[in-house]
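Before any comments, here is the structure.
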Amino acid sequence: LHLRLLLFSTSHRILAAHPKISASRRLSTATMGSRSQLPSPPLAEKVKHEMELFGDVRVDNYYWLRDDSRKNPKVISYLQQENAYTEAMMSGTKKFEDEIYAEIRGRIKEDDISAPLRKGPYYYYSRTLEGKEYVQYCRRPIPNRDAPSSVHDTMPTGPDAPPEHVILDENVKAQEHGFYRIGAFKVSPNHKMVAYAEDTKGDEIYTVY
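Taken in order, the sequence shown gives residues 35 to 243; the numbers are from our numbering.
Dropping the structure here:
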């Protein structure tokens, strides 16, 4: 009992010195007090599934949740229940989530480029644009291709610099899909072609182009 009183007194002083933490903790306490009003967490059904690999038999009771087709009504229904439960449990912290997200975005330089890599007659780099979620793969010609690498180690920019060429814009590609990610991007030795691998489902299965 004395230990509980001591912990309560200490935590009360800490929370009083931090208004935002105090507000969040009061919200958490109120949530715990009305736990009977909260929805019950969904429980995934257990379906025994045996897998044998190298003579070892393993049991995965939740293998049925794997749905590469993304069309299984049972799996979709369960995921919707999980999402609804998460939204209900986190509804009281939405304001703080938005504040944290805005602070993180505010610390990121959105309009930026990677360090240019001189390769053959070009500088290759990627670019991020403010307000965009994906990157652009770009290149810019080297002004004097016969000059040694030490002369043009820094890519020239400005109105007198050679024009930039956007090789691939992920933002454009992503408009065609609900999910989009490029896992690899390579330029051919003669600088005339590119190969890239893309995932358009989120299952980490990439198609090479």
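Glycine included, C-beta positions come from ideal geometry on N, C-alpha and C. These figures come from a predicted structure and were not determined experimentally.
Counterpart residues of residue i in DSSP-defined beta bridges
| i | result |
| --- | --- |
| M85 | R92 |
| T162 | D146, V169 |
| P73 | Beta-bridge pairing links P73 to no other residue. |
| T127 | None, per the DSSP bridge assignment. |
| R174 | Y157 |
| V242 | A231 |
Expected contact under 8 angstroms - CB spacing of residue i and residue j to nearest Å
| i | j | result |
| --- | --- | --- |
| P73 | E116 | Actually they do not touch by this definition, with Cβ atoms about 11 angstroms apart. |
| V169 | E121 | Not quite, the Cβ-Cβ distance comes to about 31 angstroms (not below 8 angstroms), so this is no contact. |
| R215 | D237 | Contact doesn't hold; Cβ gap of about 11 angstroms is too wide. |
| A231 | T241 | 7 angstroms |
| I201 | R173 | 6 angstroms |
| A78 | Y112 | 6 angstroms |
| G165 | E144 | 7 angstroms |
| D250 | R152 | This structure does not reach residue 250, given that the chain is present from 35 up to 243, and the question cannot be answered. |
Per-residue burial, residue i [other beta carbons within 10 Å of its own, 16 or more giving buried]
| i | result |
| --- | --- |
| Y96 | exposed |
| P150 | buried |
| M189 | buried |
| I176 | buried |
| S160 | buried |
| Y156 | buried |
| Y243 | exposed |
| Y171 | buried |
| Y135 | exposed |
Per-residue DSSP class, three states only, for residue i
| i | result |
| --- | --- |
| T234 | coil |
| L151 | strand |
| K220 | strand |
| Y119 | helix |
| R104 | coil |
| A78 | coil |
| A229 | strand |
| R141 | coil |
| D180 | coil |
Chain D contact for residue i (CB, 9 angstroms cutoff)
| i | result |
| --- | --- |
| R139 | Protein chain content of the structure displayed is limited to a single chain, and chain D is not contained in it. |
Point to revise | alpha helix (DSSP H) segments (min. 4 residues) lying fully within the stretch 187-215 | key: Entirely contained in the stretch 187-215, the alpha helix (DSSP H) runs reaching 4 residues are, in chain order, 204-208.
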